[in-house]
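For reference, each letter of the sequence shown is one residue, going 264 to 503 in the working numbering.
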Amino acid sequence: MAENSASQQNPEFKADAANIDKQKMSLERLGLAIGDLLTVETVSPKRKLNTKLIGFLSGHSILVASPTTGGKDVVLEQSTPLTVRGMVRNQAYAFSTRVVYRSWQPYGYYHLAFPSEMVTVEVRKTSRVTVNLPAVIDSEFDIGRDEWPKSAVVQDLSTNGAGLLSRQILGEKDHEIRLKLNLSISDIHRTIELPCVIRNGLVVDKSSGSHYLFGVEFENATSADRLTIASFLYEIDGDH
């Protein structure tokens, strides 16, 4: 009965249909690999936990390592409802499940109910969403202008890059910087820090004086961070 309930509450990604391809897919077709990183979300309390795929047996269960937060294991009770999210290549996916069994021997792992289906979306690098997010910028480059870190506002965001508006010069073309910002997804708050490369910059006039607009590309962003950005963008786009 609980398994049917979970499938009926299959999570949806919200987004502009022009920017993503959304479809339902089976776990077998998705192409997950042992060791893939997964994000597990609990409802009460609302938490976002990290885990890894150990394996699965089609139609039976999914095996994952003991979820962690802040490097510490988190205990999940049997029958706890969960939403699992992850990313494979350029596809973000999500499915509802529940804890069916846990074991601490010879190491901590969990069996999760096997989902009848999941929702997947293709993440396109060109899809940008207008936002207004305060951010902190840091760098090891000495550009001779003020001290690090510096403040900026993220004006547009995608899984591949961002547009940054700042009163301060953040660097020159091809300079490496680090972008730190806070994102909220379904009342779950997460801070991410992304290595970036400045691709372009220009001076823009505002009523309060000159500002600098920089286009940056994310470099070596982790799958977990890209998934966080994708989930955030889908959620705010669906609210418009």
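The C-beta atom is built at its ideal place from N, Cα and C for all residues, glycine as well.
Assuming contact is defined by CB atoms lying nearer than 9 Å, are residue 448 and residue 498 in contact in what I supplied?
Taking the sequence shown and counting its residues from 1, one reaches residue 448 at position 185. Taking the sequence shown and counting its residues from 1, one reaches residue 498 at position 235. Cβ atoms of residue 448 and residue 498: closer than 9 Å.
Indicate whether the contact test is met: 3 or more Cβ pairs, each with one atom in the stretch 431-444 and one in the stretch 402-413, closer than 8 Å.
yes
Around the Cβ of residue 332, are there at least 16 other Cβ atoms within 10 angstroms (buried) or fewer (exposed)?
Position 69 of the sequence shown holds residue 332. It is exposed - the Cβ of residue 332 has fewer than 16 other Cβ atoms within 10 Å.
Per DSSP, cross-strand counterpart(s) of residue 477
Against the sequence shown, residue 477 aligns to sequence position 214. Paired residue(s): 427 and 464.
Evaluate residue 369 with the Cβ neighbour count: other Cβ atoms within 10 Å of its Cβ, from every protein chain shown; 16 or more gives buried, anything less gives exposed.
Counted from its first residue, the sequence shown places residue 369 at position 106. Result: exposed.
Rounded to whole angstroms, what is the Cα-Cα separation between residue 324 and residue 349?
By 1-based counting over the sequence shown, the position of residue 324 is 61. By 1-based counting over the sequence shown, the position of residue 349 is 86. Rounded to the nearest angstrom, the two C-alpha atoms are 17 Å apart.
Where does residue 304 land, buried or exposed, given buried means 16+ other C-beta within 10 angstroms?
Your numbering for residue 304 matches position 41 in the sequence shown. Residue 304 should be labelled buried.
Close Cβ partners of residue 354 (< 8 Å) along its chain, the five nearest in sequence each way excluded
Sequence index remark: in the sequence shown, residue 354 carries index 91 (1-based). The answer, listed in chain order, is 293, 383, 384, 385 and 386.
For the alpha helix (DSSP H) containing residue 293, list its first residue and its last residue.
Start at 1 with the first residue of the sequence shown, and residue 293 comes out as number 30. Residue 293 -> alpha helix (DSSP H) spans 290-293.
Between 361, 352, 327 and 329, which has its C-alpha nearest residue 515's C-alpha?
As displayed, the chain neither begins before 264 nor continues past 503, which places residue 515 out of reach and without an answer.
Secondary structure of residue 296, DSSP reduced to three states:
For the purposes of this step, residue 296 is identified with residue 33 of the sequence shown, where counting begins at 1. Residue 296 falls in the coil class under three-state DSSP.
For residue 445 and residue 338, the rounded distance between their alpha carbons
One-based indexing of the sequence shown puts residue 338 at position 75. One-based indexing of the sequence shown puts residue 445 at position 182. Computed Cα separation, rounded: 26 Å.
Three-state secondary structure (DSSP) of residue 493
The count along the sequence shown starts at 1 and reaches residue 493 at position 230. Three-state result, residue 493: helix.
Using only alpha-carbon positions, find the residue among 316, 347, 336 and 377 that is nearest to residue 322.
As a working note, residue 322 is residue 59 in the sequence shown. For residue 322, the nearest C-alpha among the options comes from 377.
Measuring only the C-alpha atoms, how far is residue 586 from residue 475?
Absent from the structure is residue 586, since the part of the chain shown begins at 264 and ends at 503.
Same chain, Cβ closer than 6 Å to residue 415, five either side skipped, listed in chain order
Here residue 415 is taken as the residue at index 152 of the sequence shown, counted from 1. The answer, listed in chain order, is 398, 400, 427 and 429.
Take residue 311 and list the residues in its own chain whose beta-carbon comes closer than 7 Å to its own, dropping the five residues that flank it on each side.
The sequence position of residue 311 within the sequence shown is 48, counting from 1. Correct list, in chain order: 302, 304, 451 and 453.
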